[in-house]
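Numbering-wise (numbering that gives the first Met the number 0), the sequence shown opens with residue 0 and increments by one. Here the structure is laid out as structure tokens; the discussion comes afterwards.
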Amino acid sequence: MSEVNERPRGTLRLYGAGGTGINIVRNFEKTRGQMHPGMATIHPVYADTSRSNIPANLDDNYCFIITKSAATGKDIDGGGKVRALNGDDVVAAVKPLLNDHPPMDMNVVVFSTTGGSGSVMGPSLMAELAARGQAVIGLVVGSVASAKEVKNAVASFKTLDNLARNTVKTPLVIHYQQNTPELTRDEVDQIMHTAVSSIAVLASRHNAEMDRQDIFHALRPDRALNTEPRVLTLDIFRDNKSLEAEAEAGVNYVTLASLYESTGSTPANVAPAYSAVGYLPEELIASQGRSVKDGFTDPNQKPAPTGNSLVFHLGTRADEFNPIYQHLVSRDEEFDRLTNAAPPAKTLLTGNETVSNGGIIY
Numbered sequence: 000m001s002e003v004n005e006r007p008r009g010t011l012r013l014y015g016a017g018g019t020g021i022n023i024v025r026n027f028e029k030t031r032g033q034m035h036p037g038m039a040t041i042h043p044v045y046a047d048t049s050r051s052n053i054p055a056n057l058d059d060n061y062c063f064i065i066t067k068s069a070a071t072g073k074d075i076d077g078g079g080k081v082r083a084l085n086g087d088d089v090v091a092a093v094k095p096l097l098n099d100h101p102p103m104d105m106n107v108v109v110f111s112t113t114g115g116s117g118s119v120m121g122p123s124l125m126a127e128l129a130a131r132g133q134a135v136i137g138l139v140v141g142s143v144a145s146a147k148e149v150k151n152a153v154a155s156f157k158t159l160d161n162l163a164r165n166t167v168k169t170p171l172v173i174h175y176q177q178n179t180p181e182l183t184r185d186e187v188d189q190i191m192h193t194a195v196s197s198i199a200v201l202a203s204r205h206n207a208e209m210d211r212q213d214i215f216h217a218l219r220p221d222r223a224l225n226t227e228p229r230v231l232t233l234d235i236f237r238d239n240k241s242l243e244a245e246a247e248a249g250v251n252y253v254t255l256a257s258l259y260e261s262t263g264s265t266p267a268n269v270a271p272a273y274s275a276v277g278y279l280p281e282e283l284i285a286s287q288g289r290s291v292k293d294g295f296t297d298p299n300q301k302p303a304p305t306g307n308s309l310v311f312h313l314g315t316r317a318d319e320f321n322p323i324y325q326h327l328v329s330r331d332e333e334f335d336r337l338t339n340a341a342p343p344a345k346t347l348l349t350g351n352e353t354v355s356n357g358g359i360i361y
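Written out as structure tokens, the structure reads:
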């Protein structure tokens, strides 16, 4: 009697760190643990220093809330955009968080660079996962809407750089998007939603000729190449043309993980330092009628024309992180100039007022 060779289903731990991370990750709560064709099962976790961003009906078993300082015993309720307020307590809580919600085949940490809690927790969580030899990707949301947000973003980027180069001494991979007047919060959330879905396809463990080690090396090129520890940014493409346009514009990809519909699919004309190529499972192709919408099944989607085969590309690059940081520094300096240019505010008091002991003027 022959036995069917059943492949295990990949698992994806999705950590929402801080308010922004939680707001994005909560969109996956309805698909928790569900088996979509050709995708890893997704398992969200919500971590913060306050319950204000936690949905009221969410199971506490999926939450990790830091409510008290382990060092001082003080109560904690949010960071109020001040990273130093609870920073040490947040860093100390990362290992207990992972004890309660252990890593899976693939780990995605979603956070913003601008808040007081997530901007500390997210990088710290990524670093701890990397130190443990886990596959990890950060989905990072930025903003330059206020001086405080920009200063936090500058500190967050420096933190990521320091963690990669000096603390864990391994590459850290982030997919960065920034809220702007041209790219609204809802649009950024949708981009991140699509990114999670694409990563879940990559981590399904059902792709032919691409094993877990292939994926790990695509995120940790130091294990396969002679590369320095640094922050790499992640590009995600659903077609060859967009990827090839980036390469033609001068982008040199460090790693590239590509999933095609079949061995007859036309490969992208790009030569990274490290490449991993696999082929999508029949269950995904059949369920989509040769079309994928945001990585999830779409039963109403009509079959794509012949030649429009499915493709996923996830590429890491080393040329984007520093320019983003320099843009943030320029914005920070601009805010400082505006603040310093404001005339000093003169007091309204003349010195002849009658002032009560309570500071009230009669």
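Every residue, glycine too, gets a C-beta built ideally from N, C-alpha and C.
Checklist entry - Which residues bound the alpha helix (DSSP H) around Ser155? => result In the DSSP assignment, Ser155 falls within the alpha helix (DSSP H) that extends over Ala146 to Asn161.
Checklist entry - For the segment 10-20 against the segment 37-51, are there 3 or more C-beta pairs whose distance is under 8 Å? => result Touching, yes, given that three or more Cβ pairs across the two stretches are closer than 8 Å.
Next on the checklist: Taking the beta carbon of Asp59 as the centre, do at least 16 other beta carbons fall within 10 Å, making it buried, or is it exposed?
Outcome noted: Under the 10 Å beta carbon count, Asp59 is surrounded by fewer than 16 other beta carbons and is classified as exposed.
Checklist entry - Cα separation between Ser257 and Phe311? => result Computed Cα separation, rounded: 6 Å.
Item to check | Rounded separation between Val81 and Ser111 - CA only | outcome: The alpha-carbon atoms of Val81 and Ser111 are separated by roughly 13 Å.
Next on the checklist: Give me the DSSP bridge partner(s) of Lys67.
Outcome noted: In DSSP, Lys67 forms a bridge with Asp74.
Checklist entry - How big is the Cα-Cα spacing for Leu283 and Val269? => result Those two C-alpha atoms are separated by around 25 Å.
Next on the checklist: Cutting at 8 Å between CB atoms, please list the residues of its own chain near Lys168, excluding the five before and the five after it.
Outcome noted: Closer than 8 Å at Cβ, skipping near neighbours: Pro228.
Checklist entry - What did DSSP end up calling Ser142 once you bin it into helix, strand or coil? => result DSSP places Ser142 in strand when its eight states are reduced to three.
Next on the checklist: Measuring only the C-alpha atoms, how far is Ser78 from Lys94?
Outcome noted: Reading the sequence as shown, one finds Gly at residue 78 and not Ser. Cα to Cα, Gly78 sits roughly 20 Å from Lys94.
Checklist entry - Where His174 and Gly37 are concerned, what is the direct C-alpha to C-alpha distance, given to the nearest angstrom? => result Taking the CA atoms as reference points, His174 sits about 22 Å from Gly37.
Checklist entry - What are the start and end residues of the beta strand (DSSP E) that includes Tyr61? => result For Tyr61, no beta strand (DSSP E) run applies, since DSSP gives it neither H nor E.
Checklist entry - Taking contact to mean at least 3 C-beta pairs separated by less than 8 Å, is the segment 321-338 in contact with the segment 142-152? => result Enough Cβ pairs lie closer than 8 Å, so yes.
Item to check | Where Ser274 falls: helix, strand or coil (DSSP) | outcome: Residue state, collapsed to three classes: strand.
Checklist entry - Does DSSP classify Leu11 as helix, strand or coil? => result Here Leu11 sits in strand by DSSP.
Next on the checklist: Assuming Met191 and Ile23 are in contact, meaning their beta carbons sit under 8 Å apart, how far apart are those beta carbons, in whole angstroms?
Outcome noted: Indeed, because the Cβ distance is near 5 Å, the residues count as touching under 8 Å.
Checklist entry - Exposed or buried, which one is Ile359 when buried takes at least 16 other CB atoms within 10 Å? => result By the neighbour-count criterion, in which 16 or more other beta carbons inside 10 Å mark a residue as buried, Ile359 falls on the exposed side.
Next on the checklist: By the three-class DSSP mapping on this structure, what secondary structure does Gly137 have?
Outcome noted: In this structure, Gly137 counts as strand in the three-state DSSP scheme.
Item to check | CB-CB length for Thr66 against Ile75, believed under 8 Å | outcome: For Thr66 against Ile75, the beta-carbon gap comes to about 6 Å, under 8 Å, which counts as contact.
Checklist entry - So, are the CB atoms of His205 and Arg6 less than 7 Å apart? => result Taking a C-beta distance under 7 Å as the contact criterion, His205 and Arg6 qualify as a contact pair.
Checklist entry - Buried or exposed: which applies to Arg335, given that a residue is buried once 16 or more other Cβ atoms fall within 10 Å of its Cβ? => result Position check: residue 335 holds Asp in this sequence, whereas Arg was assumed. Result: exposed.
Next on the checklist: Could you compute how far the alpha carbon of His35 sits from the alpha carbon of Glu28?
Outcome noted: Each residue's CA atom was taken as its position, placing His35 and Glu28 some 14 Å apart.
Checklist entry - CB Ser142 to CB Asn178, shorter than 7 Å? => result Ser142 places its beta carbon less than 7 Å from that of Asn178.
Item to check | DSSP state of Gln325 mapped onto helix, strand, coil | outcome: In this structure, Gln325 counts as helix in the three-state DSSP scheme.
Checklist entry - How would you label Ala244, buried or exposed, when you count the other beta carbons within 10 angstroms and need 16 or more for buried? => result Its Cβ having fewer than 16 others within 10 Å, Ala244 is exposed.
Next on the checklist: Could you compute how far the alpha carbon of Val90 sits from the alpha carbon of Phe63?
Outcome noted: Distance between the alpha carbons of Val90 and Phe63: 13 Å.
Next on the checklist: Classify Thr71: buried if its beta carbon has 16 or more other beta carbons within 10 angstroms, exposed otherwise.
Outcome noted: It counts as exposed.
Item to check | Span of the alpha helix (DSSP H), counted from its first residue to its last, around Ile41 | outcome: Where Ile41 is concerned, there is no enclosing alpha helix (DSSP H), although the beta strand (DSSP E) it sits in stretches over Thr40 to Asp47.
Next on the checklist: Less than 6 Å between C-beta atoms, sequence neighbours within five positions excluded: which residues of the same chain meet that for Gly9?
Outcome noted: These residues qualify, in order along the chain: Ala39, Asp104, Ala202, Ser203 and Arg204.
Item to check | Short Cβ contact (7 Å threshold) for Ala207 with Gly277 | outcome: Result yes, Cβ atoms of Ala207 and Gly277 sit closer than 7 Å.
Next on the checklist: Would Ser308 and Glu260 qualify as a contact pair, given that the criterion is a beta-carbon distance under 7 Å?
Outcome noted: For the pair Ser308 and Glu260, the CB atoms are nearer than the 7 Å cut-off.
Item to check | Residues near Leu255 in its chain [Cβ-Cβ closer than 6 Å; skip 5 each side] | outcome: Same-chain partners within the cutoff: Pro271, Ser274 and Gly314.
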